[in-house]
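Residue numbers (UniProt numbering): 1 to 57.
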């Protein structure tokens with residue numbers, strides 16, 4: 001298992017890295033997100049999921 005750490009400047013950067021990572025995944029992928037409350041896990045996930053075509057309601 002490989003571990004990567006990123007320091008992102010703001011919400012836009014967090015969404016962007018989620019989007020970019022989603023575009024790199026060509027098959028089923030498991031990503032484990034670890035961090036304190038407010039670390040950006042949900043924001044990252046939002047960018048990832050929306051780039052795959054999901055539209056929030």
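For every residue, glycine included, the Cβ atom is placed at its ideal position computed from N, Cα and C.
Our contact map puts residue i next to residue j with C-beta atoms below 8 Å; I'd like the distance itself, whole angstroms only.
{"i": "residue 11", "j": "residue 42", "result": "At roughly 10 Å, the Cβ-Cβ gap does not stay under 8 Å, so residue 11 and residue 42 are not in contact."}
{"i": "residue 35", "j": "residue 14", "result": "The pair is not a contact, with the Cβ atoms about 11 Å apart (cut-off 8 Å)."}
{"i": "residue 51", "j": "residue 9", "result": "No, residue 51 and residue 9 are not in contact; Cβ-Cβ is about 19 Å, not under 8 Å."}
Buried or exposed: residue i, going by 16 or more other Cβ atoms within 10 Å of its Cβ?
{"i": "residue 3", "result": "exposed"}
{"i": "residue 47", "result": "buried"}
{"i": "residue 18", "result": "buried"}
Report the three-state DSSP secondary structure of residue i (helix, strand or coil).
{"i": "residue 5", "result": "coil"}
{"i": "residue 26", "result": "coil"}
{"i": "residue 18", "result": "helix"}
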